[in-house]
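Quick note, the sequence shown lines up with residues 904 to 1456 if you use the working numbering.
Reading through the structure tokens given below for one structure.
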Amino acid sequence: MHDRRSIRLPTSVLALAVLVCACGAPDPTLFEDQTVDSGVDFVHDNGMRDQLWFAEMMGGGVAALDFDRDGDQDLLFTQGQALDGAADQGVLHALYRNDSADGRLRFVDVSALAGLRSFGYAMGVAVGDVNDDGWPDIYITEFGNNALWLNRGDGRFELLADAAGDPRWSVSAAFADVDGDGALDLYVGNYVDYRLANHKPCRSTTSARDYCSPSVYAPQSDSLWRNEGGAAPAFTDISRDAGVAGELGGALGVIVADFDGDTDPDIYVANDGTPNLLWRNDGQGRFDNVAQIAGAAVNMSGAPEASMGVDADDFDGDGDIDLFMTHLARESNTLYVNDGRGFFDDRSASAGLAGSSLPSTGFGTRWADFDGDGDLDLFAANGAVTRVQALIDAGDPYPLAQPNQFFRLTDDGYRDDSAAAGARDGAAVSRGLAVADLDNDGAMDVVIANNRGRAQILRNRAAPARWVGVSVLTRDGGRAAIGATVRLVAGNTVRVRRVRRDGSYASSGDPRVVFALGGEPIELEVRWPDGTRRTFRDLSPNRYHTLLPSPPP
904 MHDRRSIRLP
914 TSVLALAVLV
924 CACGAPDPTL
934 FEDQTVDSGV
944 DFVHDNGMRD
954 QLWFAEMMGG
964 GVAALDFDRD
974 GDQDLLFTQG
984 QALDGAADQG
994 VLHALYRNDS
1004 ADGRLRFVDV
1014 SALAGLRSFG
1024 YAMGVAVGDV
1034 NDDGWPDIYI
1044 TEFGNNALWL
1054 NRGDGRFELL
1064 ADAAGDPRWS
1074 VSAAFADVDG
1084 DGALDLYVGN
1094 YVDYRLANHK
1104 PCRSTTSARD
1114 YCSPSVYAPQ
1124 SDSLWRNEGG
1134 AAPAFTDISR
1144 DAGVAGELGG
1154 ALGVIVADFD
1164 GDTDPDIYVA
1174 NDGTPNLLWR
1184 NDGQGRFDNV
1194 AQIAGAAVNM
1204 SGAPEASMGV
1214 DADDFDGDGD
1224 IDLFMTHLAR
1234 ESNTLYVNDG
1244 RGFFDDRSAS
1254 AGLAGSSLPS
1264 TGFGTRWADF
1274 DGDGDLDLFA
1284 ANGAVTRVQA
1294 LIDAGDPYPL
1304 AQPNQFFRLT
1314 DDGYRDDSAA
1324 AGARDGAAVS
1334 RGLAVADLDN
1344 DGAMDVVIAN
1354 NRGRAQILRN
1364 RAAPARWVGV
1374 SVLTRDGGRA
1384 AIGATVRLVA
1394 GNTVRVRRVR
1404 RDGSYASSGD
1414 PRVVFALGGE
1424 PIELEVRWPD
1434 GTRRTFRDLS
1444 PNRYHTLLPS
1454 PPP
């Protein structure tokens, strides 16, 4: 058992960091904005009409997915529109095909062919291959009726009518096989009971008109949908039978992981202003909320916070899954450290993540080895939710912009290194965030969906000198094996990562797993969700490999 009084990393993690760093020090400026040069010209429309409608302030999401199965990550941005009257033909979401080559990011807009559109007001996106045909499908959450789109494999998507179409205001969702039947089920996080018909005028502390707090509206319960299988599967609402219908909250972030080490997928929900939820799976697809007794419902002071984005990973290298979430300005972001049994301690302050986050309101977030030294750094996408007086005074029509933040993991905890990393260049109303290796160079890039603004592509310039990436599939030609674990063994160092797409805020990330390497031979041990295990040795470095539960015929 590691000493939980300190955030110092285990010796094995430090050893790998030293080993990786010996291969070449990364450039101190990690991120370069390549939005314009990449061809991504998406601009989000939040439908703002000077009414200060609650939904227009929240913002949408972004997904990284290989929709055409050509080996690189494409990008999807959800689009908003006027809240008081949807366009007759709906509004197209923006899908960009990745045509990057020769070290240059390049995306082509294929939205018209894809046909992904919304007749409501879109919020977030979840990605999952619901029929296991190898083509990733798309679920759009809405201020309205959610929609599931099947990937036809020819560049076009088909609306699966009435599939998991929760009509409440949903923001984040996650696909996972919660009952172990091999099909991806769907957890949908619902926010609050806000409608234009019950819109209330709200004011700031200066008595000026401002956006309302979620506490003004009634919180909602979430929903869980069982995938019944098939080429065009139906989804059955099992929220009540599974036990998730009885809790109310304002869900903004959702992530699935095995938090208690029993191999069953549990679900964590980041709620805005109400206690967070930790749904512990009993192994039969039945869930109990254990967040309070597990120490993951409220902060160290016993107060719920305005949780927006969430991520889960083994940041300290001790083999269990920890939690991180972003919050409102004047509330620190929160790090919950897992004790290995699914019980958590709030270590935000001792890890260096409390004070530096107080001025900012965080939304999308992700753990990743951004600087290529072998351990997990953090990126947070920031943007205010109440109007900033200095921006009002400057005449800004949408005065919510804030700079983003990058937290570098050191042997003494996290350090705000935003300026050196280039994360603070400019300010926007950032919301959704996806992390993906867009150019397949082993470095994790950052894609940000800005509310009422242009999307951002931040290319990571710190590609490791030696790395290995893997795409873990359920079978040859099948889907990404969501919930699988990949264990790296390099000398005396062991590191575990999960195959996942979920987390952040209203967004979906690259499901591939990447490890920065030293010079020693590597061994990867993969455990699939059904318990199948395989060991892979002598994988060629500096490229991606497809790993299957059994050798192809």
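For each residue, glycine too, the CB sits at the ideal point set by N, CA and C.
- Annotation: the region 1245-1270 contains no complete segment of the alpha helix (DSSP H) (minimum length 4 residues).
- With a threshold of 16 other beta carbon atoms within 10 Å, isoleucine 1043 meets it and is buried.
- The residues Phe980, Gly1335, Ala1337, Val1350, Ala1352, Ser1410, in chain order, have a CB closer than 6 Å to that of valine 965 in the same chain once the five nearest residues on each side in sequence are set aside.
- As the crow flies, the alpha-carbon of threonine 1177 is around 23 Å from that of aspartate 1163.
- Proline 1444 sits close to arginine 1369, with the two beta carbons spaced by under 9 Å.
- According to DSSP, residue pairing for aspartate 1088 in a beta bridge involves Ala1079.
- Secondary structure note for isoleucine 1295: its alpha helix (DSSP H) is the uninterrupted segment 1292-1296.
- Here the C-alpha atom of arginine 1390 lies approximately 35 Å from the C-alpha atom of glycine 1205.
- Proximity of the region 1089-1100 to the region 1060-1074 meets the contact definition, three or more beta-carbon pairs being nearer than 8 Å.
- The C-beta distance from arginine 1401 to glycine 1412 rounds to 12 Å, too long to meet the 8 Å contact threshold.
- Between aspartate 1125 and glycine 1146, the CB-CB gap reaches or exceeds 9 Å.
- Glutamine 1359 is bridged by DSSP to Ile1351.
- The secondary-structure analysis by DSSP pairs tryptophan 1370 across a beta bridge with Ala1419.
- Under the three-state reduction of DSSP output, phenylalanine 1309 falls in the strand class.
- Here DSSP, grouped into helix, strand and coil, assigns isoleucine 1196 to helix.
- The C-beta distance from arginine 1378 to proline 1452 rounds to 7 Å, short enough to meet the 8 Å contact threshold.
- Taking all protein chains in view, the Cβ of aspartate 1144 is surrounded by fewer than 16 other Cβ atoms within 10 Å, so the residue is classified as exposed.
- Our two residues, aspartate 1315 and leucine 1181, have alpha carbons roughly 29 Å apart in a direct line.
- Counting along the chain, the unbroken alpha helix (DSSP H) around aspartate 1144 starts and ends at 1142-1145.
- Boundaries of the alpha helix (DSSP H) harbouring glutamate 959: 957-961, taken from the DSSP string.
- Serine 1333 has Asn1353 as its beta-bridge partners, per DSSP.
- For isoleucine 1041, the pairing in a beta bridge is given by DSSP as Val1030, Trp1052.
- Fully enclosed alpha helix (DSSP H) runs of no fewer than 4 residues occupy 1142-1145, 1194-1197 of the region 1114-1199, in order along the chain.
- Looking from the CA of threonine 1289, the closest CA among Tyr1171, Met1026, Phe957, Ile1385 belongs to Phe957.
- The criterion of a C-beta distance shorter than 9 Å is satisfied by valine 1371 and arginine 1446.
- Take asparagine 1184, set aside five residues on each side of it, and the residues of its chain with a beta-carbon closer than 7 Å to its own are Val1081, Asp1167, Pro1168, Asp1169, Phe1190, in chain order.
- Beta-bridge pairing by DSSP links arginine 1400 to Val1389.
- Counted as a single uninterrupted DSSP element, the alpha helix (DSSP H) harbouring aspartate 940 occupies residues 938-941.
- When C-alpha distances from alanine 1050 are compared across Leu1450, Val946, Leu1019, Thr1388, the shortest belongs to Leu1019.
- Our two residues, phenylalanine 1309 and alanine 1137, have alpha carbons roughly 41 Å apart in a direct line.
- Look at asparagine 1101 here: in three-state DSSP terms it is helix.
- The alpha carbon of alanine 1160 has as its nearest neighbour, out of Gly1421, Asp971, Ala1121, Leu1226, the alpha carbon of Leu1226.
- DSSP places alanine 1015 within a helical segment (H, G or I) once states are collapsed to three.
- Under the three-pair Cβ rule at 8 Å, the region 1116-1125 does not count as touching the region 1419-1428.
- The residues Glu1208, Thr1237, Asp1249, in chain order, have a CB closer than 7 Å to that of asparagine 1202 in the same chain once the five nearest residues on each side in sequence are set aside.
- By the neighbour-count criterion, in which 16 or more other beta carbons inside 10 Å mark a residue as buried, alanine 1383 falls on the buried side.
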